[in-house]
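Report on the following structure.
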Amino acid sequence: MATPLKIDIVSDVSCPWCIIGYKALDEALGKLDGKVAADISWQPFELNPNMPPEGQEIVEHITEKYGISVEQSEQNREMIKQRGLDVGYEFGNRGGGRIYNTFDAHRLLHWAEEVGKQTELKLALFDLYFKESGDPSNHEQLLAVVERVGLDKAIAQDILTSGKYTQEVREAQHLYQSNGISSVPAVIVNNKHLISGGQPASVFEQALSQIAQEVEAANVEA
1 MATPLKIDIV
11 SDVSCPWCII
21 GYKALDEALG
31 KLDGKVAADI
41 SWQPFELNPN
51 MPPEGQEIVE
61 HITEKYGISV
71 EQSEQNREMI
81 KQRGLDVGYE
91 FGNRGGGRIY
101 NTFDAHRLLH
111 WAEEVGKQTE
121 LKLALFDLYF
131 KESGDPSNHE
141 QLLAVVERVG
151 LDKAIAQDIL
161 TSGKYTQEVR
171 EAQHLYQSNG
181 ISSVPAVIVN
191 NKHLISGGQP
201 ASVFEQALSQ
211 IAQEVEAANV
221 EA
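Okay, structure coming up:
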């Protein structure tokens with residue numbers, strides 16, 4: 001019988017390592033099929049909570065934020081592009097584009113979890129930003145993604161215009177930040193085991209297998 005594991009993924013939809021990490025995690029879970037049953041929830045994290053509505057040109061933003069040169073930024077993008085290909089994810093135009101505020105996307109993701117479509121929406125939002133050079137702060141673009149994954153566009157529009165789930169998302173952000181999460185992705189298993197960063201599938205596989213064994217051993221002792 002598969003061991004149930006609760007997996008919370010703290011991430012942002014504009015974080016390339018978050019989709020890389022998820023694809024590796026998904027590969028690991030495929031290899032552990034029958035041994036582990038994962039219940040995945042996506043938790044909010046904003047890489048750029050103070051980003052203005054117009055966003056910022058990506059190279060300008062990266063060089064300013066991390067204090068690196070344009071050449072270093074280009075090298076990092078190439079590395080990310082290759083890591084994406086290694087896990088079966090092809091990034092789009094990562095040589096240009098803009099960084100945007102993602103708070104409204106997180107509000108929609110909170111709602112999507114309630115109706116059982118959170119992972120579908122999260123993956124579609126990754127595609128919006130990374131494959132389509134889209135703007136995850138733009139309501140029309142967000143609504144198009146909502147419709148694409150089979151969610152109710154009218155409900156989503158009401159959420160976006162009303163500010164619904166603002167408090168819930170803020171509280172979740174504060175919870176994880178107060179528990180020491182300052183970079184993403186952060187994969188938290190059963191509320192206590194932390195796997196940081198876009199790790200290879202082998203790392204996830206080994207960690208989840210070990211955690212599952214510990215859970216089973218504890219259940220036997222109980």
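According to the UniProt record's numbering, the sequence shown is numbered sequentially starting from 1.
Cβ atoms here follow ideal geometry from the backbone N, Cα and C, with glycine treated the same way.
These figures come from a predicted structure and were not determined experimentally.
Exercise. Which residue spans inside the region 1-49 form an unbroken beta strand (DSSP E) run of at least 3?
Worked result: 3-11 and 36-44
For this session: Mind checking which residues open and close the beta strand (DSSP E) that includes Gly209?
Result: Here residue 209 turns out to be Ser, not Gly, going by the sequence shown. Careful: Ser209 lies outside any beta strand (DSSP E), inside the alpha helix (DSSP H) at Ala201 to Glu221.
For this session: Would you check if the distance between the CB atom of Leu128 and the CB atom of Leu160 is smaller than 9 Å?
Result: no
Exercise. Count the other CB atoms within 10 Å of the CB of Val146; is the residue buried (16 or more) or exposed (fewer)?
Worked result: Buried is the call here.
Exercise. What residue range is occupied by the uninterrupted beta strand (DSSP E) comprising Ile188?
Worked result: Ala186 to Val189
Problem set entry | Selection from Gln210, Ala172, Glu216 and Ile211 that minimises the alpha carbon distance to Ser11 | Closest by alpha carbon: Ala172.
For this session: Could you spell out where the alpha helix (DSSP H) holding Leu175 opens and where it closes?
Result: Thr166 to Ser178
Exercise. Where does Glu140 fall in DSSP's three states?
Worked result: Correct three-state label for Glu140: helix.
Exercise. Span of the alpha helix (DSSP H) holding Ile159?
Worked result: Residue range Lys153 to Ser162 is occupied by the alpha helix (DSSP H) that includes Ile159.
Exercise. Any idea what DSSP makes of Glu120, helix, strand or coil?
Worked result: Residue state for Glu120 is assigned as helix, using DSSP reduced to three classes.
For this session: Kindly indicate which residue of Asp39, Gln82 and Val115 has the alpha-carbon position closest to the one of Val187.
Result: Asp39
Problem set entry | Selected residue, minimal CA-CA separation from Pro4, among Ala37, Gln141, Leu85 and Asn50 | Checking every option, the nearest Cα to that of Pro4 belongs to Ala37.
Exercise. Considering only residues of the same chain and omitting the five flanking positions on each side of Leu25, which have a CB-CB separation below 7 Å?
Worked result: Val187 and Phe204
Problem set entry | Asn101, buried or exposed, once every other Cβ within 10 Å from all chains shown has been counted against 16 | buried
Exercise. Under the rule that 16 or more other beta-carbon atoms within 10 Å means buried, what is Ala217, buried or exposed?
Worked result: By the 10 Å Cβ count, Ala217 comes out exposed.
Problem set entry | Bridge partners - Arg98, DSSP secondary structure assignment | Glu57
Exercise. Where does Val70 land, buried or exposed, given buried means 16+ other C-beta within 10 angstroms?
Worked result: exposed
Problem set entry | For His110, the residue or residues it bridges with in DSSP | None; His110 has no bridge partner.
For this session: State the CB to CB distance for the pair Asp86 and Gln43, rounded to an integer number of angstroms; the pair is presumed to be in contact (CB under 8 Å).
Result: That pair is no contact at about 25 Å.
Problem set entry | Secondary structure of Ile195, DSSP reduced to three states | Strand, per DSSP.
Problem set entry | Cα-Cα separation between Glu113 and Pro185, rounded to whole angstroms | If you draw a straight line from the Cα of Glu113 to the Cα of Pro185, it is about 18 Å long.
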